[in-house]
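To start, the structure under review is shown below, and the notes come after it.
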RNA sequence: GGAGAGGUGCUCGAGUGGUUGAAGAGGCACGCCUGGAAAGCGUGUAUACCCCUAAAGGGUAUCGAGAGUUCGAAUCUCUUCCUCUCCGCCA
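Numbering (the working numbering), first residue to last: 67 to 489.
In structure tokens:
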């Protein structure tokens with residue numbers, strides 16, 4: 067969430083920039099500012115009363131030691147009303163802080179100046195593109211038909227075992243996915259990321275830390291008995307490693323990568339978007355996460371985007387990078403680049419990666435700070451990106467590389483798959 | 001799951017109602033000393049919020065978390081989370 071300090075010092079600017087995200091922040095921001103003033107004055111009253119109480123208590127202690135029972139008893143009398151007002155102020159303050167937090171979590175992050183205006187996906191800017199469009203043979207099939215033809219993915223079996231959106235991968239497709247995971251992790255390691263194996267289930271505090279809670283509660287699977295959530299992305303456990311942590315400036319940047327299965331309820335999705343591998347309840351993904359100094363976070367974002375580009379290039383997929391418009395960006399992001407690959411038989415661009423700078427928005431919730439070389443402690447910037455999400459990559463690989471003889475595996479993957487053709 | 005022990009600052013560790021943000025040691029930082037280093041000596045070493053600010057300074061809260069008793073709680077009571085040991089179960 068945004069910091070109170072920033073909001074109170076840049077009120078009009080905040081409202082202005084929120085409007086770019088099509089968020090009408092006028093009333094909520096003004097309420098925040100008013101509540102913050104109330105918070106300060108209440109805190110002052112509370113602090114003064116507490117100070118007075120502390121002094122009285124010390125005096126009483128001294129009087130008792132000196133054996134002046136009567137005077138001590140008299141002093142005790144005076145504490146009664148103080149105690150009441152302290153309790154009242156304390157309750158008021160707690161209440162105000164609660165209200166403030168409730169308001170603040172409703173306010174999205176501010177878009178970076180370079181974010182294009184716009185409301186929908188059509189307003190996203192194509193930053194750059196590359197790769198060769200494949201020439202498909204006669205009778206080319208979408209991946210769900212290829213999956214059947216070569217016995218690669220059994221969607222019905224998944225329905226039987228779990229439900230829609232939980233496909234069963236078989237044979238060379240299962241091996242292809244395992245190969246992709248290793249390929250992505252090895253590349254990340256070579257790019258300087260530390261590999262992490264995180265828990266797939268997190269507590270509510272972690273969900274709040276990265277912003278899935280409270281706003282996107284319905285998107286996560288929840289184990290009620292234990293009050294734990296299945297992770298929608300490795301971003302959640304990996305970023306929460308740094309919750310309530312004060313790093314040293316010299317430790318920055320922190321670069322972590324993790325493979326995980328991801329679980330998403332995807333409530334409300336339907337139609338061609340969910341056909342085949344396009345949208346699943348469980349899928350595999352390798353994530354990259356960085357914690358960086360605020361002065362360097364945009365250079366880091368550029369670096370991360372360039373890194374993901376090397377992946378799609380090695381996979382020989384037609385790709386393009388979109389600079390998301392303000393309206394299409396996530397709640398918590400300040401600047402996001404999406405990667406799409408072309409899935410030739412579906413004739414659709416599929417989102418396979420999203421790389422974002424959250425600036426201090428997540429860090430403020432996480433309380434992830436660093437102590438600078440100047441001894442001052444400040445919020446760090448967090449960034450993350452998919453590198454990458456598997457199912458749509460698999461869909462594009464299957465569709466784009468189909469030949470009459472079978473499905474070709476791109477050269478960079480062959481050492482990982484151990485085969486060069488699915489037939 | 002059953003029985004017991006415990007959770008204190010960067011670390012170890014003292015502290016069972018009174019001026020304790022917290023002894024002591026270690027670590028780290030700075031200074032002195034030195035030709036240089038070590039040793040030694042000295043100083044400093046949390047976070048958040050508020051007041052005042054040019055700077056300095058001051059106040060409040062925090063000893064796993066939450067609630068309570070008390071004029072006063074790291075110390076007492078309750079709840080809860082976590083860790084460790086033994087038993088049980090088990091990939």
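Glycine is no exception: its CB is placed at the ideal position from the N, C-alpha and C atoms.
In this text the structure is predicted, and so the values were computed from the model without any measurement.
| Check | Outcome |
| --- | --- |
| Between 313, 350 and 474, which has its C-alpha nearest residue 435's C-alpha? | 313 |
| Name the residue from 423, 456, 454 and 486 whose alpha carbon lies nearest to the alpha carbon of residue 467. | 486 |
| Any idea which residues DSSP pairs residue 351 with across the strands? | 326 and 455 |
| What residues in its chain sit with their C-beta under 7 Å from that of residue 152, if we drop five residues either side in the sequence? | 112, 115, 116 and 119 |
| When you compare each of 331, 444, 142 and 276 to residue 174 by their alpha carbons, which one comes out closest? | 276 |
| In this structure, does DSSP put residue 288 in helix, strand or coil? | strand |
| By the DSSP assignment, the beta strand (DSSP E) with residue 195 in it spans what residues? | 191-196 |
| In terms of DSSP beta bridges, what is residue 443 paired with? | 437 |
| Could you check what DSSP says for residue 468 in three-state terms: helix, strand or coil? | strand |
| Nearest CA to the CA of residue 108: which residue from 333, 150 and 162? | 162 |
| With DSSP as the reference, please indicate the residues paired to residue 401 in a beta bridge. | 423 |
| Taking all protein chains shown into account, decide if residue 345 is buried (16 or more other Cβ within 10 angstroms of its Cβ) or exposed. | buried |
| Taking the continuous beta strand (DSSP E) assigned at residue 104, which residues delimit it? | Here residue 104 belongs to no beta strand (DSSP E); instead the alpha helix (DSSP H) covers 92-131. |
| Specify, as a first and last residue, the run of the alpha helix (DSSP H) that residue 169 falls within. | 135-170 |
| What is the rounded straight-line gap between the Cα of residue 136 and the Cα of residue 446? | 56 Å |
| Quick check: what's the CA-CA separation for residue 103 versus residue 159? | 11 Å |
| Just the Cα atoms here: how many angstroms apart are residue 234 and residue 220? | 5 Å |
| Which residues in the same chain as residue 72 place their Cβ atom closer than 6 Å to its Cβ, once the five residues preceding and following it in sequence are excluded? | none |
| Can you tell me the Cα-Cα spacing of residue 99 and residue 167, whole angstroms? | 12 Å |
| Tell me the DSSP secondary structure of residue 255 in three-state form. | helix |
| Does the contact criterion of 3 or more C-beta pairs under 8 Å hold for the segment 222-233 versus the segment 418-430? | no |
| For a test of the three-state rule: what should DSSP assign to residue 309, helix, strand or coil? | coil |
| Consult DSSP for residue 448 and reduce its assignment to one of helix, strand or coil. | strand |
| Does the beta-carbon of residue 384 have 16 or more other beta-carbons within 10 angstroms, so that it is buried, or is it exposed? | buried |
| Return the chain-ordered list of same chain residues with a C-beta closer than 7 Å to the C-beta of residue 183, the five sequence neighbours on each side being excluded. | 86, 391 and 392 |
| How would you write the range of the beta strand (DSSP E) that residue 294 sits in, first residue to last? | 294-296 |
| Below 8 Å between beta carbons: does that hold for residue 264 and residue 327? | no |
| What's the C-alpha gap between residue 269 and residue 295? | 6 Å |
| According to DSSP, simplified to helix, strand and coil, what is residue 268? | strand |
| Determine the contact status of residue 377 and residue 253, defining contact as a CB-CB distance below 8 Å. | yes |
| Are residue 473 and residue 464 touching if we call contact CB-CB under 8 Å? | yes |
| For residue 50, which residues in the same chain have their Cβ closer than 8 Å to its Cβ, ignoring the five residues on either side in sequence? | Outside the shown range of the chain (67 to 489) lies residue 50, about which nothing can therefore be said. |
| Among residues of its own chain, excluding the 5 on either side of residue 427, which ones have a beta-carbon nearer than 6 Å to its beta-carbon? | 175 and 398 |
| Is it true that the segment 448-459 meets the segment 362-374, where meeting means three or more beta-carbon pairs spaced less than 8 Å apart? | yes |
| If you compare alpha carbons, which of 401, 347 and 321 is closest to residue 331? | 347 |
| What is the DSSP secondary structure of residue 216, reduced to helix, strand or coil? | coil |
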